[in-house]
Amino acid sequence: MSLGEAELGERLSAAWRMPYGRGQIAAVEDVIRHADAGGFADLRYAARMLATQAYTFGGEPAKAFVTFSWCLAAYDRGEAGDDVDHDLYWQFKWVVNALTKFPEVPLERAHSALDDMERRYKLAGHTMNPVHQHREVVAQHIGDVATAEEQYRLWCAAPRGDMSDCIGCEPTAKVRHLAWRGRHEDAVALALPVLGGTLTCVEQPQAILTELLLPYLHTGRLEEAAAAHREAYRAIQASRGELGMVADHVAFCARTGNEARGLELVERHLGWLDEPPTPLADMYFSASAALVLGRVADAGHADLVLRRHDAEISAGALRDELTARALALAERFDARNGTAEQGNTIQALLAAEPIVEHLPLSGPARRAGSRSAAATPAPSLSTPDELADLALRESRLHNDGAVAAAWRRFDEVCPEPSGALLARRLDATAGETANRDPAAAADLWERAAELFAEAGDEVRRHGVLGRLGLLRVLTGSAEDGFAQVAASCDALAQIGGPDDHARGLTRLAMAHRLTDRMPDAVAALASAAELADGPLLAEILTDLAECTAALDSSRIAEALAHAVRAVSLYEEAVGACGGLRRAQRLAARLHAASGSLAEAYELFGAAAEAEDPHLRGTSLYDRGRIALELDRDEEAYRALSDAVADLLAAGDTVSTAYARVELAAAALSVGQPNDAADAAEEAVAVLDRLDDTGEAARARFLLARAYRETGQPEQALALLDLVASHCSATGNHAG
Numbered sequence: 210m211s212l213g214e215a216e217l218g219e220r221l222s223a224a225w226r227m228p229y230g231r232g233q234i235a236a237v238e239d240v241i242r243h244a245d246a247g248g249f250a251d252l253r254y255a256a257r258m259l260a261t262q263a264y265t266f267g268g269e270p271a272k273a274f275v276t277f278s279w280c281l282a283a284y285d286r287g288e289a290g291d292d293v294d295h296d297l298y299w300q301f302k303w304v305v306n307a308l309t310k311f312p313e314v315p316l317e318r319a320h321s322a323l324d325d326m327e328r329r330y331k332l333a334g335h336t337m338n339p340v341h342q343h344r345e346v347v348a349q350h351i352g353d354v355a356t357a358e359e360q361y362r363l364w365c366a367a368p369r370g371d372m373s374d375c376i377g378c379e380p381t382a383k384v385r386h387l388a389w390r391g392r393h394e395d396a397v398a399l400a401l402p403v404l405g406g407t408l409t410c411v412e413q414p415q416a417i418l419t420e421l422l423l424p425y426l427h428t429g430r431l432e433e434a435a436a437a438h439r440e441a442y443r444a445i446q447a448s449r450g451e452l453g454m455v456a457d458h459v460a461f462c463a464r465t466g467n468e469a470r471g472l473e474l475v476e477r478h479l480g481w482l483d484e485p486p487t488p489l490a491d492m493y494f495s496a497s498a499a500l501v502l503g504r505v506a507d508a509g510h511a512d513l514v515l516r517r518h519d520a521e522i523s524a525g526a527l528r529d530e531l532t533a534r535a536l537a538l539a540e541r542f543d544a545r546n547g548t549a550e551q552g553n554t555i556q557a558l559l560a561a562e563p564i565v566e567h568l569p570l571s572g573p574a575r576r577a578g579s580r581s582a583a584a585t586p587a588p589s590l591s592t593p594d595e596l597a598d599l600a601l602r603e604s605r606l607h608n609d610g611a612v613a614a615a616w617r618r619f620d621e622v623c624p625e626p627s628g629a630l631l632a633r634r635l636d637a638t639a640g641e642t643a644n645r646d647p648a649a650a651a652d653l654w655e656r657a658a659e660l661f662a663e664a665g666d667e668v669r670r671h672g673v674l675g676r677l678g679l680l681r682v683l684t685g686s687a688e689d690g691f692a693q694v695a696a697s698c699d700a701l702a703q704i705g706g707p708d709d710h711a712r713g714l715t716r717l718a719m720a721h722r723l724t725d726r727m728p729d730a731v732a733a734l735a736s737a738a739e740l741a742d743g744p745l746l747a748e749i750l751t752d753l754a755e756c757t758a759a760l761d762s763s764r765i766a767e768a769l770a771h772a773v774r775a776v777s778l779y780e781e782a783v784g785a786c787g788g789l790r791r792a793q794r795l796a797a798r799l800h801a802a803s804g805s806l807a808e809a810y811e812l813f814g815a816a817a818e819a820e821d822p823h824l825r826g827t828s829l830y831d832r833g834r835i836a837l838e839l840d841r842d843e844e845a846y847r848a849l850s851d852a853v854a855d856l857l858a859a860g861d862t863v864s865t866a867y868a869r870v871e872l873a874a875a876a877l878s879v880g881q882p883n884d885a886a887d888a889a890e891e892a893v894a895v896l897d898r899l900d901d902t903g904e905a906a907r908a909r910f911l912l913a914r915a916y917r918e919t920g921q922p923e924q925a926l927a928l929l930d931l932v933a934s935h936c937s938a939t940g941n942h943a944g
């Protein structure tokens with residue numbers, strides 16, 4: 210079907226308004242076909258002018274050579290009006306730049322294009338500023354340092370004019386030259402006024418921020434480097450035409466100790482190598498990805514599996530494949546250029562060492578280290594028995610830092626204990642080891658029980674056997690383990706005091722919980738509570754409150770009463786301690802469950818005074834969620850920011866992801882869309898791995914809002930499409 214000139218003109222106007230990418234390319238190519246068929250001279254020219262731009266920035270720059278040459282020839286034949294001079298002359302810069310990126314294109318074509326560009330610019334009265342700029346590009350590409358330096362000097366000396374790059378893009382190219390020459394301080398100094406101004410070009414500020422990544426690192430501007438990575442990568446992550454810039458961000462991750470994020474980027478963009486925009490971008494992405502994969506493999510994770518389309522490949526195998534790919538492309542470029550510049554550059558990139566051991570990339574991550582529990586000073590006690598007693602008292606109050614400090618001091622004053630002292634040390638070590646190495650902990654507890662028996666300390670022996678029984682319940686020997694816990698409890702009832710019996714009952718209650726006998730757990734704890742007082746009673750009441758709430762949701766008020774009493778007992782008998790913070794957190798949760806949000810908010814704040822970063826982080830997380838419900842957005846933002854930092858410090862990746870979703874919501878509510886984007890981006894990656902599609906969809910919805918508010922509507926639309934698909938698939942039509 211043939212289309213009229215007016216309709217084609219409307220289609221061309223619509224194509225101009227489209228974002229760069231395959232959609233725009235397809236639209237303008239369709240106009241070219243119809244304009245050629247209809248013989249519409251003006252449209253044929255105008256469509257090809259747009260096509261050159263669409264190809265250049267849409268990821269298919271090789272096609273731009275054809276449309277640019279066609280327009281240039283038509284212009285020379287007088288088939289284009291004077292009103293197109295500016296656009297056509299401007300496109301010379303794109304073409305010269307692209308010619309260096311294809312090793313099959315003779316280098317002479319780039320020099321010829323530069324000569325033609327210079328001739329035409331002089332005839333038209335334009336400044337030589339962009340000519341020198343692009344001669345520097347070619348010289349840098351082939352490693353001709355002398356020519357590159359001279360052209361850079363002439364470029365800086367030449368006045369700006371109508372053909373000069375914008376106030377963001379020209380400094381970006383200068384930063385690239387300075388960084389190439391190792392002049393990192395000069396690169397940063399040149400960029401600062403630009404970043405402080407208004408950048409309206411679609412390529413900025415992401416291009417200049419990407420060029421500043423290494424100068425920032427080399428000059429110690431680490432926070433600026435992290436912020437530049439986050440902002441710039443966010444802007445280019447969906448643009449196939451920016452694979453070369455993506456490569457810079459992948460390499461940045463490898464050189465800042467962020468291999469996990471680097472792997473995420475590699476896996477996300479690996480498919481782009483099927484149709485890379487240029488061989489040069491292919492080469493640099495392949496080498497940067499190989500650098501990340503090499504660091505992962507060298508850390509002992511060469512067998513880590515990554516996905517490529519529907520297949521899987523190990524990190525080690527992919528590193529080898531991409532290394533070979535990058536080196537082969539470098540060899541082709543060097544053969545074309547007659548120099549070793551690209552090969553040397555790629556070899557250096559593949560062997561690059563970290564500039565920073567680990568650079569946290571977000572605000573919460575940067576705060577995580579400072580918010581981890583501070584080391585408790587060593588106690589002043591000097592005898593092993595006193596130190597072991599102190600460690601035991603602190604462990605019963607859940608003061609983990611003080612426990613560790615006491616045992617460190619014990620090891621200093623008694624490096625080779627024996628008898629009952631050795632048994633107490635082994636008992637403590639088993640408790641520290643149980644989560645990460647149950648078999649080793651079991652061996653330690655068995656040896657400790659033997660030593661206590663030899664020392665005639667039957668109470669401590671049965672305490673150890675009870676802990677050993679609980680471990681067996683946890684590790685799959687439920688029947689035998691439960692019997693051992695029960696026997697220990699019975700023995701302590703006969704030979705121990707009330708506190709010993711109460712502790713035996715708490716272990717029995719835990720065994721009941723682990724074997725899904727919650728009513729029996731509640732009964733055992735109730736019996737224990739009758740035997741105890743002080744801090745021990747507070748600990749038992751905390752457990753009883755938790756079990757009562759879990760047993761029956763209608764007993765929340767009863768559970769809350771136990772928790773509130775536990776808080777009071779801790780405050781009266783001890784004051785601040787880990788047990789108090791645990792009880793406060795539980796009371797806060799029960800207040801929230803009963804609808805008393807204000808009381809819950811205050812108690813979560815008290816629990817957040819805990820030394821333990823995980824308890825602190827989870828308390829702040831819940832406090833932040835309640836603050837959002839109470840419309841206390843600023844407080845929610847602060848609490849959730851700190852919650853993410855604490856949970857990161859505690860190493861809880863899963864809880865951190867959920868806290869980041871809430872942080873994204875809070876950040877949006879207080880006008881911090883960049884922080885919201887940071888949080889949601891980090892959360893989505895984890896939630897996808899957890900296959901929590903509902904929360905991942907919520908995170909993407911929040912991320913779409915953040916992208917919209919940071920001026921990235923196309924990325925926002927793409928995310929909203931994914932959210933809409935999820936809602937449709939789950940029957941959530943209102944969503």
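Convert by adding 209 to the 1-based position in the sequence shown; the result is the number in our numbering.
All C-beta atoms in this analysis are idealised placements derived from N, C-alpha and C, irrespective of residue type, glycine included.
{"Query": "Whole-angstrom Cβ separation of PHE311 and PRO488, contact assumed at under 8 Å?", "Result": "6 Å"}
{"Query": "Give the straight-line distance between the Cα atoms of VAL622 and GLU641, rounded to the nearest whole angstrom.", "Result": "20 Å"}
{"Query": "Let me know if ALA763 comes out buried or exposed under the rule of 16 or more other beta-carbons within 10 Å of its beta-carbon.", "Result": "The identity of residue 763 in the sequence shown is Ser, whereas the question assumes Ala. SER763 should be labelled exposed."}
{"Query": "Tell me where the alpha helix (DSSP H) around LEU829 begins and ends.", "Result": "822-838"}
{"Query": "Report all residues from its chain with a CB closer than 8 Å to the CB of GLU327; omit the five preceding and five following residues, and keep chain order.", "Result": "MET337, VAL340"}
{"Query": "Three-state secondary structure (DSSP) at ALA614?", "Result": "helix"}
{"Query": "Following the continuous alpha helix (DSSP H) through ALA165, name the residue where it begins and the one where it ends.", "Result": "Any property of residue 165 remains undetermined from this structure, which presents the chain solely from 210 to 944."}
{"Query": "Compare the Cα-Cα distances from GLU359 to each of ASP374, MET372, SER373, GLN342 and report the closest residue.", "Result": "GLN342"}
{"Query": "Give the range of the beta strand (DSSP E) segment to which SER864 is assigned.", "Result": "Counting along the chain, SER864 falls outside any beta strand (DSSP E), though it belongs to the alpha helix (DSSP H) covering 862-878."}
{"Query": "Tell me GLU521's beta-bridge partners as DSSP assigns them.", "Result": "ARG516"}
{"Query": "Which of the three DSSP states is assigned to CYS698 in this structure?", "Result": "helix"}
{"Query": "Can you list the alpha helix (DSSP H) stretches of 4 or more residues lying completely in the region 412-464, in chain order?", "Result": "415-420, 422-427, 431-445, 452-463"}
{"Query": "For ARG564, which of helix, strand or coil comes out of DSSP?", "Result": "This sequence places Ile at residue 564; Arg is not what is there. If DSSP states are grouped into helix, strand and coil, ILE564 belongs with coil."}
{"Query": "Alpha carbon to alpha carbon, how far is GLN556 from ALA499? Give it in angstroms, no decimals.", "Result": "11 Å"}
{"Query": "With a 10 Å radius around its C-beta and 16 neighbouring C-beta atoms as the bar for buried, classify PRO586 as buried or exposed.", "Result": "exposed"}
{"Query": "What does the Cβ neighbour count give for ASN306, buried or exposed, with the cut at 16 atoms within 10 Å?", "Result": "buried"}
{"Query": "Using only alpha-carbon positions, find the residue among LEU472, TYR361, ARG722, MET492 that is nearest to ALA511.", "Result": "LEU472"}
{"Query": "For LYS331, report the span of its alpha helix (DSSP H) as first-last.", "Result": "316-333"}
{"Query": "Helix, strand or coil: which one does DSSP assign to ALA626?", "Result": "Reading off the sequence, residue 626 comes out as Pro, not Ala. Correct three-state label for PRO626: coil."}
{"Query": "Just the Cα atoms here: how many angstroms apart are ALA700 and HIS671?", "Result": "7 Å"}
{"Query": "Output yes or no for whether 8 Å exceeds the beta carbon distance between HIS458 and LEU474.", "Result": "yes"}
{"Query": "Kindly list the residues whose CB is nearer than 6 Å to the CB of LEU212, restricted to its own chain and excluding five residues on each side of it in sequence; keep chain order.", "Result": "HIS243"}
{"Query": "What three-state label does DSSP hand GLN485 in the structure shown?", "Result": "The sequence given here places Pro at residue 485; Gln does not occur at that position. Note: PRO485 maps to coil in three-state DSSP."}
{"Query": "Quick one: Cα of TRP225 to Cα of ALA437, how far?", "Result": "30 Å"}
{"Query": "How is PRO569 classed by DSSP in three states: helix, strand or coil?", "Result": "coil"}
{"Query": "So the candidates are ALA854, GLY804, ASP840, ASP708; which of them puts its Cα closest to the Cα of SER828?", "Result": "ALA854"}
{"Query": "Could you give the distance in angstroms between the alpha-carbon of HIS427 and the alpha-carbon of TRP364?", "Result": "26 Å"}
{"Query": "On the DSSP letters alone, give me the boundaries of the alpha helix (DSSP H) that HIS942 sits inside.", "Result": "Run containing HIS942: none; DSSP gives neither H nor E here."}
{"Query": "Which value, in whole angstroms, describes the spacing of the CA atoms of THR261 and VAL403?", "Result": "28 Å"}
{"Query": "Does the count of Cβ pairs from the region 767-787 and the region 738-749 closer than 8 Å reach three?", "Result": "yes"}
{"Query": "If you measure between the beta carbons of ARG794 and ALA816, is that distance less than 8 Å?", "Result": "yes"}
{"Query": "Beta-carbon within less than 7 Å of ALA875's beta-carbon, same chain only, minus the 5 sequence neighbours each way: which residues are those?", "Result": "GLY833, LEU837, ASP842, ALA845, TYR846, LEU849"}
{"Query": "Taking only the alpha-carbon atoms, compute the straight-line gap between ASP831 and ALA796 and give it to the nearest angstrom.", "Result": "12 Å"}
{"Query": "I'd like to know whether the C-beta atoms of ALA643 and LEU601 end up nearer to each other than 8 Å.", "Result": "no"}
{"Query": "Would GLY480 be called buried (16 or more neighbouring beta carbons within 10 Å of its own) or exposed?", "Result": "exposed"}
{"Query": "Where in the region 742-789 do unbroken runs of the alpha helix (DSSP H), each at least 4 residues long, occur, reported from the N-terminal end onward?", "Result": "743-760, 765-782"}
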